[in-house]
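Student:
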Amino acid sequence: MLVKSKNCTVCSCVGEPVRQLWVDGCWHDTYKGDEQHPPYCEHLDDGIPRPPTAKVSVTAKLAMPRFYDTGDDDIDDEDHVQHLANEAWCYMNFPAHFSEHWTGYNLVPPIKDPVPVGAVVPQFYGYYRPEKEEKGKFMSPILLLEHCGLQANMEDLTLEERRECWSLLERLHLGGFVHNSVYERNILIQNGPIHYSPFKRSDLHPRFRLIDFGRCEEVDESGRNAFLERRGADRKLNLDMMFA
Ligand SMILES: Nc1ncnc2c1ncn2[C@@H]1O[C@H](COP(=O)(O)OP(=O)(O)OP(=O)(O)O)[C@@H](O)[C@H]1O
Ligand SMILES: [Mg+2]
Numbered sequence: 430m431l432v433k434s435k436n437c438t439v440c441s442c443v444g445e446p447v448r449q450l451w452v453d454g455c456w457h458d459t460y461k462g463d464e465q466h467p468p469y470c471e472h473l474d475d476g477i478p479r480p481p482t483a484k485v486s487v488t489a490k491l492a493m494p495r496f497y498d499t500g501d502d503d504i505d506d507e508d509h510v511q512h513l514a515n516e517a518w519c520y521m522n523f524p525a526h527f528s529e530h531w532t533g534y535n536l537v538p539p540i541k542d543p544v545p546v547g548a549v550v551p552q553f554y555g556y557y558r559p560e561k562e563e564k565g566k567f568m569s570p571i572l573l574l575e576h577c578g579l580q581a582n583m584e585d586l587t588l589e590e591r592r593e594c595w596s597l598l599e600r601l602h603l604g605g606f607v608h609n610s611v612y613e614r615n616i617l618i619q620n621g622p623i624h625y626s627p628f629k630r631s632d633l634h635p636r637f638r639l640i641d642f643g644r645c646e647e648v649d650e651s652g653r654n655a656f657l658e659r660r661g662a663d664r665k666l667n668l669d670m671m672f673a
């Protein structure tokens, strides 16, 4: 992952390209990347060495073939490959702020207290499909996502934390999407603060993320699908705020 260059407010530059690399049929500027000292502009450089790449933990989500035998005389007739493709489409069409981390708080009515503003969904690192399909051999596409912790257990969460989970769903709706699979298992919890190194994070600052967008769709014209989901989630998260 490349570290994004910042605009300098003093000289308005984004750093001078010092070397060009020929990659994938065209030239790319490297911005002194080999000196390990971004952000490359003398006004922005605070003397702290930052490598131009960062390590992340990823989750690879694969699909089962259609009509696989579940072993107990049940046939699973859901099209998992289609769900995975739909999920990839959603990640590609989500507004940018769904995967951005901000410091500070939002007011998300009807929650009366401010809630932290974090990313709503994991970072999306791509959707990979096999180049060739072999007859009789199933090869799953792969959805590559940021690893975002473990499933949250609502019973262990405080009222504020459950409200924060609900606010993620509300932001999903405001961004134009309905989840269609709001269950505890599709809300992840991880240690925070998220801008700290993983070694310095703790469960004193839990952060939450929505996952599993296989059944996700756009909010309909009337907004009814979002309204129904919001109401259902209010009950599932034991909040009782929408109709209190
Ligand atoms: N980004 C992630 N980071 C960490 N764990 C994840 C991530 N995505 C998925 N998981 C784990 O994998 C499980 C299954 O993923 P997901 O819910 O996306 O798949 P699914 O098969 O569509 O699930 P469902 O049974 O809810 O339909 C999740 O419940 C979670 O434990
Ligand atoms: Mg799930």
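Going by this note's numbering, the letters in the sequence shown line up with residues 430 to 673, in that order.
Backbone N, C-alpha and C fix where the C-beta goes; we use that ideal spot for every residue, glycine too.
Flag this pair as yes or no: are the beta carbons of cysteine 577 and asparagine 609 separated by less than 7 angstroms?
Tutor: no
Student: As a quick exercise: from Asn620, Tyr556, Ser626, Ser569, pick the residue whose alpha carbon is nearest that of leucine 633.
Tutor: Asn620
Student: So does asparagine 582 have its beta carbon nearer than 6 angstroms to some heavy atom of ligand 2?
Tutor: Not so, every heavy atom of ligand 2 lies at least 6 angstroms from the Cβ.
Student: Name all residues in chain order for which at least one heavy atom of ligand 3 lies closer than 6 angstroms to the residue's CB.
Tutor: This structure simply doesn't include ligand 3; it includes ligand 1 and ligand 2 instead.
Student: Terminal residues of the continuous beta strand (DSSP E) containing alanine 548?
Tutor: No beta strand (DSSP E) contains alanine 548, which DSSP labels as neither H nor E.
Student: List the DSSP bridge partners of glutamine 619.
Tutor: Arg636
Student: Within 10 Å of its beta-carbon, does histidine 512 have 16 or more other beta-carbons around it, so buried, or fewer, so exposed?
Tutor: The residue is buried, with at least 16 neighbouring Cβ atoms inside 10 Å.
Student: For glycine 578, which of helix, strand or coil comes out of DSSP?
Tutor: If DSSP states are grouped into helix, strand and coil, glycine 578 belongs with coil.
Student: In terms of residues, what are the limits of the beta strand (DSSP E) holding leucine 491?
Tutor: Annotation for leucine 491: the continuous beta strand (DSSP E) segment containing it runs 487–491.
Student: In the DSSP assignment, the alpha helix (DSSP H) including tyrosine 520 goes from what residue to what residue?
Tutor: Segment 509–522, the alpha helix (DSSP H) holding tyrosine 520.
Student: Is it the case that the CB of cysteine 577 approaches a heavy atom of ligand 1 more closely than 6 angstroms?
Tutor: yes
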